[in-house]
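*Asks:*
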């Protein structure tokens, strides 16, 4: 049994050996993220026992109430990643601007963007939440971080991943060579390889995931698409609706079971809610690496260049045939 155990540290080292030119900088970032995930997981699991539930009484850059656990997770990631010599700086959902590394340290070759705690409004009712991250290579030379270092399309990601804090804690990531999942063993405090080369099943479960409370606010094409899932033609398979309200949880189910996750725009807010740089782009990279498709309904997500740190985009992730079908319904509006 012990011969089959692979820790995340051993797995990353194994991957690094395949690239003789590797410096270990990306490995350092991934290991700091796995450490942060353990710290955040411990807090999530004790959330009802320590004073970490509820709001802190302020709002973030998106005018959303900041949850105590949001604030805690953000601090954990910032503090651990600051100690990492591989970064020039960080972008966080909870921070309005770019976060620099200490000026006393030489800048590293990478930029990281993250959502410290996706779905945190669910934490008070014990629903799964998660962390999302994306790693980009710094494009410019020198110490200064420039706009083009930050606002890169998702196709430039060198790594992307998420942590799911649920019935177990899972770390899922890709460095462009497949998607791999690790489950935290609380007995030994290690992430152990539990899924190698994850693929969206084809054919998979006929599941669509969307917040249907917004139905009346959608465009006619989006409404027709959801009606197609609700009431398929007689010769087409039926679909089930599943929606948690946490991007990480809903997307994780899509990776394992199949189907489609959708967070479209509305008539009044066509850009949608999800942020490109640190939510949608990393999920899109994982989705494509797992054999799926990821679009904003019309364009490939990984081709979209953000126009700001908190740029929002409509989001369609999942099985290729279902994402393509969504695109056809939305194309009828053009």
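In my numbering, the protein residues as written are 192 to 525. The beta carbon of each residue, even a glycine, is placed where N, CA and C say it ideally should be. Keep in mind it's a predicted model, so treat the numbers as computed, not measured.
Can you look up residue 289 in the DSSP assignment and give me helix, strand or coil?
*Replies:* Residue 289 sits at position 98 when you count from the first residue of the chain shown. Coil.
*Asks:* Going by C-alpha to C-alpha distance, which of 485, 342 and 211 sits closest to residue 498?
*Replies:* As a position in the chain shown, residue 498 is number 307, starting the count at 1. In this structure, 342 is the residue among 485, 342 and 211 with its C-alpha nearest to the C-alpha of residue 498.
*Asks:* Between residue 515 and residue 397, what straight-line distance do the alpha-carbon atoms span, to the nearest angstrom?
*Replies:* Position 324 of the chain shown, counting from 1, holds the residue named residue 515. Position 206 of the chain shown, counting from 1, holds the residue named residue 397. Their Cα atoms are separated by approximately 15 Å.
*Asks:* Which stretch, first to last residue, makes up the alpha helix (DSSP H) that contains residue 512?
*Replies:* Position 321 of the chain shown, counted from the first residue, corresponds to residue 512. Its alpha helix (DSSP H) spans residues 511-522.
*Asks:* Using a Cβ-Cβ distance cut-off of 8 Å, determine whether residue 503 contacts chain C.
*Replies:* This model lacks chain C altogether; it includes just one protein chain.
*Asks:* What does DSSP give as the partner residues of residue 485 in its beta bridges?
*Replies:* Here residue 485 refers to the residue found at position 294 of the chain shown. Residue 485 pairs with 508.
*Asks:* Where in the stretch 389-475 do unbroken runs of the beta strand (DSSP E), each at least 3 residues long, occur, reported from the N-terminal end onward?
*Replies:* 398-400 and 451-454
*Asks:* For a test of the three-state rule: what should DSSP assign to residue 370, helix, strand or coil?
*Replies:* Within the chain shown, the letter at position 179 stands for residue 370. If DSSP states are grouped into helix, strand and coil, residue 370 belongs with the strands.
*Asks:* Is the separation between the beta-carbon of residue 363 and that of residue 228 shorter than 8 Å?
*Replies:* Translated into positions along the chain shown, residue 363 becomes position 172. Translated into positions along the chain shown, residue 228 becomes position 37. No, these two residues do not count as a Cβ contact at 8 Å.
*Asks:* Mind checking residue 522: buried by the 16 CB within 10 Å criterion, or exposed?
*Replies:* In the chain shown, counting from the first residue as 1, residue 522 sits at position 331. Around the CB of residue 522, fewer than 16 other CB atoms lie within 10 Å, so the residue is classed as exposed.
*Asks:* Whole angstroms are fine: how far does the CA of residue 480 sit from the CA of residue 512?
*Replies:* On the chain shown, position 321 is the one that residue 512 refers to. On the chain shown, position 289 is the one that residue 480 refers to. For residue 512 and residue 480, the distance between alpha carbons rounds to 16 Å.
*Asks:* Please identify the residue among 473, 209, 274 and 492 whose C-alpha is closest to the C-alpha of residue 349.
*Replies:* Position 158 of the chain shown, counting from 1, holds the residue named residue 349. Out of 473, 209, 274 and 492, the CA that lies nearest to the CA of residue 349 is found in 473.
*Asks:* For residue 319 versus residue 258, is the C-beta spacing smaller than 8 Å?
*Replies:* Residue mapping note: residue 319 aligns to position 128 of the chain shown, counting from 1. Residue mapping note: residue 258 aligns to position 67 of the chain shown, counting from 1. No, Cβ-Cβ distance for residue 319 and residue 258 is not below 8 Å.
*Asks:* Quick check: residue 269 and residue 283, are their CB atoms within less than 8 Å of each other?
*Replies:* Mapped onto the chain shown, residue 269 falls at position 78. Mapped onto the chain shown, residue 283 falls at position 92. Yes, the Cβ-Cβ distance between residue 269 and residue 283 is below 8 Å.
*Asks:* Specify the secondary structure class of residue 192 as computed by DSSP and reduced to three states.
*Replies:* Residue mapping note: residue 192 aligns to position 1 of the chain shown, counting from 1. Because residue 192 sits at a pLDDT of 42, beneath the cut-off of 50, its placement in the model cannot be relied upon, and the following sentence gives the value as read from the coordinates. Residue 192 falls in the coil class under three-state DSSP.
*Asks:* In its own chain, which residues sit with a C-beta less than 6 Å from the C-beta of residue 370, not counting the 5 before and 5 after it?
*Replies:* By one-based count along the chain shown, residue 370 stands at place 179. If we look at residue 370 and ignore the five residues flanking it on each side, its Cβ neighbours are 389, 477, 480 and 481.
*Asks:* Counting C-beta neighbours from all protein chains within 10 Å, is the total for residue 212 16 or more, i.e. buried, or is it exposed?
*Replies:* Here residue 212 is taken as the residue at index 21 of the chain shown, counted from 1. Counting Cβ neighbours within 10 Å, residue 212 comes out exposed, since fewer than 16 surround it.
*Asks:* Within the same chain, show all residues whose beta-carbon is closer than 6 Å to that of residue 435, passing over the 5 residues directly before and after it, in chain order.
*Replies:* Walking along the chain shown from the start, residue 435 turns up at place 244. Correct list, in chain order: 441.
*Asks:* Here's the rule I'm using: 16 or more other beta-carbon atoms within 10 Å means buried, otherwise exposed. How should residue 303 be labelled?
*Replies:* Within the chain shown, numbered from 1, the residue matching residue 303 stands at position 112. Counting Cβ neighbours within 10 Å, residue 303 comes out buried, since at least 16 surround it.
*Asks:* State the Cα-Cα distance for the pair residue 385 and residue 373, rounded to the nearest angstrom.
*Replies:* The count along the chain shown starts at 1 and reaches residue 385 at position 194. The count along the chain shown starts at 1 and reaches residue 373 at position 182. Looking at the two C-alpha atoms, the distance is approximately 5 Å.
*Asks:* Residues bridged to residue 382 by DSSP?
*Replies:* The sequence position of residue 382 within the chain shown is 191, counting from 1. According to DSSP, residue 382 bridges with 375.
*Asks:* Classify residue 402: buried if its beta carbon has 16 or more other beta carbons within 10 angstroms, exposed otherwise.
*Replies:* As a working mapping, residue 402 is identified with position 211 in the chain shown. It is exposed - the Cβ of residue 402 has fewer than 16 other Cβ atoms within 10 Å.
*Asks:* Which same chain residues, not among the five before or five after residue 376, have their C-beta less than 6 Å away from its C-beta?
*Replies:* Residue mapping note: residue 376 aligns to position 185 of the chain shown, counting from 1. The residues are 383.
*Asks:* By DSSP's criteria, residue 362 is part of a beta bridge. Which residues make up the other side?
*Replies:* For the purposes of this step, residue 362 is identified with residue 171 of the chain shown, where counting begins at 1. In DSSP, residue 362 forms a bridge with 354 and 373.
*Asks:* Helix, strand or coil: which one does DSSP assign to residue 210?
*Replies:* Taking the chain shown and counting its residues from 1, one reaches residue 210 at position 19. It is coil, neither helix nor strand.
*Asks:* So, for residue 425: in the same chain, excluding its five sequence neighbours on each side, which residues have a beta-carbon less than 7 Å away from its beta-carbon?
*Replies:* Looking up residue 425 in the chain shown gives position 234. Answer for residue 425: no residue qualifies.
*Asks:* Could you say if the stretch 329-340 and the stretch 442-461 meet the contact criterion of at least three C-beta pairs nearer than 8 Å?
*Replies:* no
*Asks:* Rounded to a whole number of angstroms, what is the C-alpha to C-alpha distance between residue 493 and residue 505?
*Replies:* Locating residue 493 in the chain shown gives position 302, where the first residue counts as 1. Locating residue 505 in the chain shown gives position 314, where the first residue counts as 1. The straight-line gap from Cα to Cα measures roughly 13 Å.
*Asks:* What would DSSP say about residue 217, mapped onto helix, strand or coil?
*Replies:* Sequence index remark: in the chain shown, residue 217 carries index 26 (1-based). Helix at residue 217.
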